[in-house]
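S.K.:
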Amino acid sequence: MPIRATKRGAERTPLDRDCDVLICGASFAGLAVARELSETGAEVLVIDRYAIGERQTSACGIPTAWLERLDLQGALQQTFSELVIHTPHTTVKYRLPWTFSTFDYPTLCELLADQGRFTFETAKVDGRTGRTIHTDRGDIRATHVVDALGWRRVLGAGENIQPPDALLSRGLEVHPHGSGSEMEIWIDRSYVPAGYGWSFPAGEEVRIGVGSFDPRFHVREPTERLATDLHTPAVRYQGNWIPHALRRATEDEVFFVGDSAGHCLPLTAEGIRTALYFGLAAGRELRDTLSGRKSPEDALHSYDAFSAAHATPFKWMLRVQRLVPRVAPRLLAGSLRAMQSRRFLDWAFGHYLEIAHPRFVAADPRPAEIRLSVP
Ligand SMILES: Cc1cc2nc3c(=O)[nH]c(=O)nc-3n(C[C@H](O)[C@H](O)[C@H](O)COP(=O)(O)OP(=O)(O)OC[C@H]3O[C@@H](n4cnc5c(N)ncnc54)[C@H](O)[C@@H]3O)c2cc1C
Numbered sequence: 004m005p006i007r008a009t010k011r012g013a014e015r016t017p018l019d020r021d022c023d024v025l026i027c028g029a030s031f032a033g034l035a036v037a038r039e040l041s042e043t044g045a046e047v048l049v050i051d052r053y054a055i056g057e058r059q060t061s062a063c064g065i066p067t068a069w070l071e072r073l074d075l076q077g078a079l080q081q082t083f084s085e086l087v088i089h090t091p092h093t094t095v096k097y098r099l100p101w102t103f104s105t106f107d108y109p110t111l112c113e114l115l116a117d118q119g120r121f122t123f124e125t126a127k128v129d130g131r132t133g134r135t136i137h138t139d140r141g142d143i144r145a146t147h148v149v150d151a152l153g154w155r156r157v158l159g160a161g162e163n164i165q166p167p168d169a170l171l172s173r174g175l176e177v178h179p180h181g182s183g184s185e186m187e188i189w190i191d192r193s194y195v196p197a198g199y200g201w202s203f204p205a206g207e208e209v210r211i212g213v214g215s216f217d218p219r220f221h222v223r224e225p226t227e228r229l230a231t232d233l234h235t236p237a238v239r240y241q242g243n244w245i246p247h248a249l250r251r252a253t254e255d256e257v258f259f260v261g262d263s264a265g266h267c268l269p270l271t272a273e274g275i276r277t278a279l280y281f282g283l284a285a286g287r288e289l290r291d292t293l294s295g296r297k298s299p300e301d302a303l304h305s306y307d308a309f310s311a312a313h314a315t316p317f318k319w320m321l322r323v324q325r326l327v328p329r330v331a332p333r334l335l336a337g338s339l340r341a342m343q344s345r346r347f348l349d350w351a352f353g354h355y356l357e358i359a360h361p362r363f364v365a366a367d368p369r370p371a372e373i374r375l376s377v378p
């Protein structure tokens, strides 16, 4: 259970302190790291420029099993067993070997935060000198530092990652009120030359958006057009840059997790389960070093190697991301139809889930005290 010390306006007092672990960023990656440290007794401080769950950072679609394994079903909004893909020449319906769900962002963040034990402060991170983190409320000194701040990689050495030259995609969506029963995507050059559009129903709203793999291509107009084509108003915008290449997961004694380490999958831009997955991995390494089982150097090294060991699927997905826009639309339609066989879908989506499989949640069970208290 986090101790909240959110300060607004005049209450925003200077923040000048020390801690054992400083986790910068309180979204998927940062909260997953914190979860793994709940029983260490370490002084864990989590900071974010917004309150926990205040600013939604995605369409919030995830393989359902990740919600189940992390005991986050309370945030679930809708579940889909099929993926509908539209192109100008065909529409295919893929029956998935596992289901995908949309969830409520503030609820999921609350539930995940409740699994950790940390102090939370709102502060904007500006940079660092060694393991001293500079924020708009003062400096924080930490023995261990985690950057879970998203694509900007604020705590990286050198200049921040800057669009449009970095390996980034661009995503924007609108959240009109409405309902639907299908998870749909559009691979259609009239919306975006390289990328895709989506419609994810989530309870009483539908998340409709467009992602462009080419960061120079603006997505506001196509997002609004897709919403209009779906007879919904373009309201409540939410957008961001999305990394589509792995980056070093450690640098100068800092753990980078989630988008800051480029952990979002190319091609699909699915970055939530990978942020959770690598967050758990980083948290377990930190747990080992806090308990004295590993030196800080070994923990950093193991986490870096763990992240790098996923390079092959990330590279393959980037290759496909670059290939799909080059395939002639009629050929693409034929290929998508040919891929409808149950056997192929089980194989393809099975491999896709393996990249960050939900079984990883239980791969390293929580500490003994917790296991013993479960009936
Ligand atoms: C439009 C869109 C739709 C998407 N839809 C999906 C989807 O349906 N499914 C999916 O799996 N992925 C989706 N993604 C990708 C997914 O959102 C990201 O990969 C995921 O959010 C990464 O999680 P994270 O915790 O690493 O970073 P983030 O979720 O970006 O969190 C970073 C946190 O750091 C904080 N922060 C940033 N800078 C600072 C600073 N300087 N100081 C203090 N705090 C700071 C932010 O407030 C935020 O809380 C989508 C992306 C976009 C843009």
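Okay, so the sequence shown: first residue is 4 according to the numbering used here, each after it adds one. Heads up, the beta-carbon is just placed ideally off N, CA and C, and yes, glycines get one too. Keep in mind the model is a prediction, meaning the values are calculated, not measured.
Just curious, the beta strand (DSSP E) that residue 186 is in, first and last residue?
M.R.: Counting along the chain, the beta strand (DSSP E) containing residue 186 begins and ends at 186 to 189.
S.K.: Nearest by alpha-carbon distance to residue 379: which of 281, 197, 204, 194 is it?
M.R.: This structure does not reach residue 379, given that the chain is present from 4 up to 378, and the question cannot be answered.
S.K.: From the DSSP output, which residues share a beta bridge with residue 150?
M.R.: Residue 150 pairs with 27, 259.
S.K.: May I ask you to check if the CB of residue 22 is nearer than 7 Å to at least one heavy atom of ligand 1?
M.R.: No; taking the cut-off as 7 Å, the Cβ of residue 22 has no heavy atom of ligand 1 nearer than that.
S.K.: Compute the distance between the beta-carbons of residue 18 and residue 116, then report whether it is under 8 Å.
M.R.: Result no, Cβ atoms of residue 18 and residue 116 do not sit closer than 8 Å.
S.K.: Just to confirm, are residue 22 and residue 47 a CB contact at a threshold of 8 Å?
M.R.: Yes, the pair counts as a contact, with Cβ atoms nearer than the cut-off.
S.K.: Can you tell me which of the three DSSP states residue 87 falls into?
M.R.: Strand, per DSSP.
S.K.: So if DSSP puts residue 137 in a beta bridge, which residue, or which two residues, is it bridged to?
M.R.: Per DSSP, 130, 142.
S.K.: Excluding the 5 residues preceding and the 5 following residue 330 in the sequence, name in chain order all residues of the same chain whose CB lies nearer than 8 Å to its CB.
M.R.: Closer than 8 Å at Cβ, skipping near neighbours: 338.
S.K.: Under a Cβ-count criterion, where at least 16 other Cβ atoms within 10 Å of its own Cβ denotes burial, should residue 357 be classed as buried or exposed?
M.R.: Classification for residue 357: exposed.
S.K.: According to the neighbour-count rule (16 or more other Cβ atoms, all chains shown, within 10 Å of its Cβ), is residue 282 buried or exposed?
M.R.: The residue is buried, with at least 16 neighbouring Cβ atoms inside 10 Å.
S.K.: Would you call the region 69 to 88 and the region 48 to 57 in contact, with 3 or more CB pairs under 8 Å?
M.R.: In short, these stretches do not touch, since the Cβ pair count stays below three.
S.K.: Helix, strand or coil, according to DSSP, for residue 217 in the structure here?
M.R.: Note: residue 217 maps to coil in three-state DSSP.
S.K.: Which ranges does the beta strand (DSSP E) cover as unbroken runs of at least 3 residues, wholly within the region 225 to 307, from first to last along the chain?
M.R.: Within the region 225 to 307, the complete beta strand (DSSP E) runs of at least 3 residues are 240 to 246, 257 to 259.
S.K.: Just to confirm my understanding: we take residue 183, look at its own chain, exclude 5 residues before and 5 after, and list those with CB closer than 7 Å. What are they?
M.R.: Cβ neighbours of residue 183 beyond the five flanking positions: 202, 204, 209.
S.K.: So is residue 347 buried or exposed if we call it buried at 16+ other beta carbons inside 10 Å?
M.R.: It is exposed - the Cβ of residue 347 has fewer than 16 other Cβ atoms within 10 Å.
S.K.: Ligand 1 and residue 275: does the residue's C-beta get closer than 7 Å to at least one heavy atom of that ligand?
M.R.: Flag set: Cβ of residue 275 near ligand 1.
S.K.: Can you tell me the Cα-Cα spacing of residue 111 and residue 74, whole angstroms?
M.R.: Using only the alpha carbons, I get a separation of about 10 Å.
S.K.: According to DSSP, is residue 117 part of a helix, a strand, or is it coil?
M.R.: Three-state result, residue 117: helix.
S.K.: Let's see if you can read the secondary structure: which residues bound the beta strand (DSSP E) around residue 176?
M.R.: Counting along the chain, the beta strand (DSSP E) containing residue 176 begins and ends at 171 to 177.
S.K.: Do residue 136 and ligand 1 come close, with the Cβ less than 7 Å from some heavy atom?
M.R.: No - ligand 1 has no heavy atom lying nearer than 7 Å to the Cβ of residue 136.
S.K.: If you measure between the beta carbons of residue 123 and residue 29, is that distance less than 8 Å?
M.R.: Going by C-beta atoms, residue 123 is nearer than 8 Å to residue 29.
S.K.: Taking 7 Å as the cut-off, is the CB of residue 15 close to at least one heavy atom of ligand 1?
M.R.: No.
S.K.: Can you tell which of 189, 228, 295, 174 has its C-alpha closest to the C-alpha of residue 273?
M.R.: The shortest Cα separation from residue 273 among 189, 228, 295, 174 belongs to 174.
S.K.: Rounded to the nearest angstrom, what separates residue 189 and residue 90 at their Cα positions?
M.R.: Computed Cα separation, rounded: 6 Å.
S.K.: Output yes or no for whether 8 Å exceeds the beta carbon distance between residue 81 and residue 181.
M.R.: In this structure, residue 181 does not lie closer than 8 Å to residue 81 by Cβ.
S.K.: Would residue 310 be called buried (16 or more neighbouring beta carbons within 10 Å of its own) or exposed?
M.R.: With 16 or more other Cβ atoms within 10 Å, it is buried.
S.K.: Report the rounded CA-to-CA distance for residue 293 versus residue 359, giving the unit in angstroms.
M.R.: Cα-Cα distance, rounded: 25 Å.
S.K.: Excluding the five sequence neighbours on either side, which residues of its own chain have a C-beta within less than 6 Å of the C-beta of residue 370, listed in chain order?
M.R.: With a pLDDT of 45 at residue 370, under the threshold of 50, the predicted position of this residue should be treated as unreliable, and no value is reported.
S.K.: Go ahead and pull the three-state DSSP assignment for residue 362.
M.R.: Residue state, collapsed to three classes: coil.
S.K.: Can you list, in chain order, the residues of its chain whose CB lies under 6 Å from that of residue 154, leaving out five sequence neighbours each side?
M.R.: Closer than 6 Å at Cβ, skipping near neighbours: 244, 246, 262.
S.K.: On the criterion of 16 or more Cβ atoms from any shown chain inside 10 Å, does residue 361 qualify as buried, or is it exposed?
M.R.: Result: buried.
S.K.: Starting from residue 349, follow the alpha helix (DSSP H) in both directions and report where the run begins and ends.
M.R.: Start and end: 345 to 357.
S.K.: So who's on the other strand from residue 41, going by DSSP bridges?
M.R.: Beta-bridge pairing links residue 41 to no other residue.
S.K.: With H, G and I counted as helix, E and B as strand and the rest as coil, what does DSSP make of residue 36?
M.R.: DSSP places residue 36 in helix when its eight states are reduced to three.
S.K.: What's the C-alpha gap between residue 211 and residue 45?
M.R.: Distance between the alpha carbons of residue 211 and residue 45: 42 Å.
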